[in-house]
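Chains as they are written, first to last, in this note's numbering: chain A, 167 to 471; chain B, 11 to 333.
As structure tokens, then:
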């Protein structure tokens with residue numbers, strides 16, 4: 167019935183109807199799987215194969231929208247396998263595979279009043295109705311307090327490993343070794359409400375919700391600055407003629423702020439003068455894998471320049 | 011050169027072929043759900059293939075024209091009147107300035123389309139006039155039409171004239187049990203073989219939760235193969251590591267209610283996807299309504315591509331016959 171039967175082991179190639187090819191590097195999230203997805207989708211973009219309409223890199227997989235009248239999806243899979251064997255595993259070992267990107271300072275107020283109000287209203291949909299999402303996340307990840315849990319969440323940079331869900335939402339994977347990665351379940355039943363700019367966490371991913379809406383991620387805080395600006399009023403959006411701020415491959419430093427700084431940023435946003443602090447940076451996956459903490463320190467140092 | 015909305019109907023939006031090219035940053039395509047009805051409507055009034063039209067659902071709008079023009083109603087089987095006189099669907103109609111187009115009670119299908127010579131000339135946003143109400147962009151002020159809205163019309167129609175008519179054989183019917191052909195796959199291995207069989211043998215009932223984002227169905231319970239969840243996926247057996255969702259893909263959060271994602275859906279997420287409805291059959295789906303039944307019929311990739319080619323050939327033939 168299907169062309170490719172998967173078991174969850176190794177790279178799987180499959181067809182999403184007549185318009186999409188879906189490629190899963192790995193069933194579990196890992197940085198090497200993501201780096202392979204990154205390298206393959208970059209090479210695919212460079213090759214500009216006719217009939218490849220859109221390339222959507224994601225966490226441990228990627229998706230291609232095809233025009234099957236121009237390229238047969240099966241022929242495309244052959245090309246994708248070739249590219250995978252060229253650059254897939256090399257992405258994590260080749261010191262010459264370097265990504266030109268940027269690091270962005272993103273202020274977050276943890277344990278803020280807005281997400282607190284919402285999460286308390288939806289306790290009946292949560293694994294632990296007695297506490298808060300932060301208390302729960304801290305406990306199941308082995309932290310003795312919400313404070314030390316927040317220190318971990320804000321203590322190391324993240325990589326934007328996928329964009330989407332709704333326009334502009336970044337899925338962010340923290341650049342720390344597996345044993346230090348936070349993992350939390352999603353809500354038992356999704357909320358019907360999430361505040362705009364909420365900082366959430368689900369599975370192994372941090373997100374900021376661009377607009378208010380439904381959602382199932384644990385709610386840990388709020389960002390004062392917009393990540394979606396449909397009218398492109400803030401300088402960061404207007405100058406790039408883009409309604410979304412983040413790009414796949416961005417590095418993010420989620421910086422813990424207090425209420426005072428939150429209100430300050432809101433004031434700047436309301437005056438339509440908000441600019442993110444960003445610095446161009448080169449990111450080398452193999453270097454990070456060899457020395458995570460040293461590489462992170464160097465990345466954060468670039469942001470302080 | 012405009013249309014005044016006297017009654018918006020239930021949820022009438024401006025749609026075109028969609029906002030393609032921005033899926034990777036989270037913009038779903040939007041666009042007309044029933045692509046065939048939309049394209050044929052434009053051909054009837056002399057529009058180029060991408061002109062914007064109106065998509066209504068269940069209840070049609072009441073529209074007053076401020077200019078002499080040509081219109082066509084396609085899609086759902088629904089009575090249409092011009093100043094109270096019954097007029098045919100799937101046929102181009104001359105309307106004069108001051109006349110009012112209105113709809114009766116839906117007989118079959120779900121979504122009528124109104125094409126107007128020149129198209130609905132709202133500004134483009136990210137290359138499309140399609141409305142995406144979730145974040146309030148595109149279409150008429152990013153929202154469904156409201157009473158009193160005045161919709162500007164374009165002027166690019168080629169030889170618009172009344173009396174063009176689609177052959178009966180090319181007018182789709184709307185059975186109360188729709189058959190949607192789909193490619194099984196993606197994360198279908200997450201379902202037990204019994205459940206996968208049950209998915210394709212059940213006549214699923216369309217729930218009230220059925221709109222441009224997606225259609226939710228009820229009719230059977232599906233079970234996931236027990237496993238230790240992979241790192242990053244989250245603990246629910248329906249969860250996978252968050253990934254892209256093909257338009258038309260089917261997921262079953264909780265195993266109870268399958269959801270087919272449509273043109274305004276989320277572009278990715280962490281639910282296991284068990285297959286994808288072929289693109290042509292999203293047209294059929296768009297003409298189903300709450301309470302209708304739907305069967306999912308497995309096809310392979312070659313069949314899916316044949317279905318696609320046959321539809322393109324049919325549309326070219328219909329366009330040729332109307333030129």
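We put the beta carbon where it would ideally sit given N, CA and C, even for glycine.
Among the options, nearest to residue i - alpha-carbon criterion
| i | options | result |
| --- | --- | --- |
| residue 225 of chain A | A:239, A:414, A:311 | A:414 |
| residue 159 of chain B | B:45, B:71, B:209, B:224 | B:71 |
| residue 486 of chain A | A:395, A:356, A:187, A:441 | Chain A is shown only over 167 to 471; residue 486 of chain A falls outside these bounds and no answer can be derived. |
| residue 437 of chain A | A:424, A:366, A:272, A:400 | A:400 |
| residue 397 of chain A | B:277, B:146, B:250 | B:146 |
| residue 387 of chain A | A:194, A:294, A:285, A:218 | A:285 |
| residue 154 of chain B | B:24, B:12, B:332, B:324 | B:24 |
| residue 389 of chain A | A:302, A:349, A:336, A:352 | A:336 |
| residue 409 of chain A | A:180, A:332, A:367 | A:332 |
| residue 68 of chain B | B:166, B:45, B:218, B:60 | B:218 |
| residue 347 of chain A | A:372, A:393, A:424 | A:372 |
| residue 174 of chain B | B:156, B:213, B:332 | B:332 |
| residue 268 of chain B | B:232, B:182, B:291 | B:232 |
| residue 374 of chain A | A:368, A:383, A:363 | A:363 |
| residue 337 of chain B | B:61, B:125, B:263 | Chain B is shown from 11 up to 333; residue 337 of chain B falls before or after that span and cannot be answered. |
| residue 224 of chain B | B:43, B:309, B:63, B:17 | B:43 |
| residue 28 of chain B | B:307, B:291, B:185, B:63 | B:63 |
| residue 351 of chain A | A:361, A:359, A:367, A:345 | A:367 |
| residue 424 of chain A | A:467, A:279, A:236, A:445 | A:279 |
| residue 330 of chain A | A:219, A:197, A:223 | A:223 |
DSSP beta-bridge partners of residue i
| i | result |
| --- | --- |
| residue 268 of chain A | A:446 |
| residue 98 of chain B | In the DSSP output, where bridge partners are listed per residue, residue 98 of chain B has none listed. |
| residue 364 of chain A | A:388 |
| residue 387 of chain B | The structure shown does not extend to residue 387 of chain B, since chain B spans only 11 to 333, so no value can be given for it. |
| residue 261 of chain B | B:269, B:283 |
| residue 229 of chain A | A:188, A:222 |
| residue 126 of chain B | B:81 |
| residue 249 of chain B | B:281 |
| residue 180 of chain A | A:188 |
| residue 288 of chain B | The partner list for residue 288 of chain B (beta bridge, DSSP) is empty, contrary to what the question assumes. |
Beta-carbon proximity list for residue i, same chain, < 6 Å, skipping 5 on both sides
| i | result |
| --- | --- |
| residue 259 of chain B | 271, 283, 286 |
| residue 450 of chain A | 264 |
| residue 420 of chain A | 272, 274, 320 |
| residue 115 of chain B | none |
| residue 301 of chain A | 312 |
| residue 334 of chain A | 376, 393, 394, 410 |
| residue 261 of chain B | 269, 281, 283 |
Close beta carbons around residue i, own chain, < 7 Å, minus the five adjacent residues each side
| i | result |
| --- | --- |
| residue 162 of chain A | The first residue shown for chain A is 167 and the last is 471, placing residue 162 of chain A beyond what the model contains. |
| residue 328 of chain B | 50, 53, 176, 180 |
| residue 184 of chain A | 234 |
| residue 279 of chain B | 252, 255 |
| residue 191 of chain A | 177, 199, 202, 203, 226, 227 |
| residue 434 of chain A | 440 |
| residue 294 of chain B | 188, 190 |
| residue 253 of chain A | 205, 206, 209 |
| residue 104 of chain B | 80, 172 |
| residue 418 of chain A | 270, 272, 323, 324, 326, 338 |
| residue 97 of chain B | 90, 91, 103 |
| residue 149 of chain B | 23, 24, 132, 139, 140, 141 |
| residue 267 of chain A | 415, 416, 417, 447, 449 |
| residue 311 of chain B | 193 |
| residue 277 of chain B | 33, 36, 38, 254, 255 |
| residue 475 of chain A | Since the first residue of chain A shown is 167 and the last is 471, residue 475 of chain A is not available in this structure. |
| residue 290 of chain B | 317, 318, 321 |
Beta-carbon proximity list for residue i, same chain, < 8 Å, skipping 5 on both sides
| i | result |
| --- | --- |
| residue 173 of chain A | Confidence is the limiting factor: at residue 173 of chain A the pLDDT is only 38, short of 50, which leaves the residue's position unreliable, though a coordinate-based value still follows. Answer for residue 173 of chain A: no residue qualifies. |
| residue 354 of chain B | Here chain B covers residues 11 to 333 and nothing more, so residue 354 of chain B does not appear. |
| residue 442 of chain A | 270, 271, 272, 391, 402, 411 |
| residue 249 of chain A | 206, 209, 210, 213 |
| residue 236 of chain B | 247 |
| residue 127 of chain B | 55, 56, 57, 79, 80, 81, 163, 167, 170 |
| residue 182 of chain A | 188, 229 |
Residue i CB to nearest heavy atom of the ligand COA below 8 Å
| i | result |
| --- | --- |
| residue 468 of chain A | In the structure shown, the ligand COA is absent, as is every other ligand, since no ligand is present at all. |
Closer than 7 Å at the beta carbon, the chain C residues around residue i
| i | result |
| --- | --- |
| residue 180 of chain A | Of the protein chains in the structure, A and B, none is chain C. |
Cβ contact (3+ pairs, closer than 8 Å) linking the segment 79-86 of chain B and the segment 117-126 of chain B: As far as the Cβ criterion goes, the segment 79-86 of chain B touches the segment 117-126 of chain B, which means the pair count is three or higher.
In chain order, what are the residue ranges of uninterrupted beta strand (DSSP E) at least 3 long that sit wholly in the segment 279-341 of chain A? DSSP assignment within the segment 279-341 of chain A yields the following whole beta strand (DSSP E) runs of 3 residues or more, N-terminal first: 324-329, 336-340.
When the Cβ atoms of the segment 237-246 of chain A are set against those of the segment 375-395 of chain A, are three or more pairs found closer than 8 Å? No, because fewer than three Cβ pairs between the segment 237-246 of chain A and the segment 375-395 of chain A fall closer than 8 Å, the two stretches do not touch.
Fully enclosed by the segment 34-108 of chain B, which alpha helix (DSSP H) runs are 4 residues long or longer? Look at the segment 34-108 of chain B and you find these whole runs of alpha helix (DSSP H), each 4 residues long or longer: 45-54.
Inter-stretch contact at 8 Å, needing at least 3 Cβ pairs: the segment 300-315 of chain A / the segment 201-220 of chain B: By the Cβ rule, the segment 300-315 of chain A does not count as touching the segment 201-220 of chain B, because fewer than three pairs are nearer than 8 Å.
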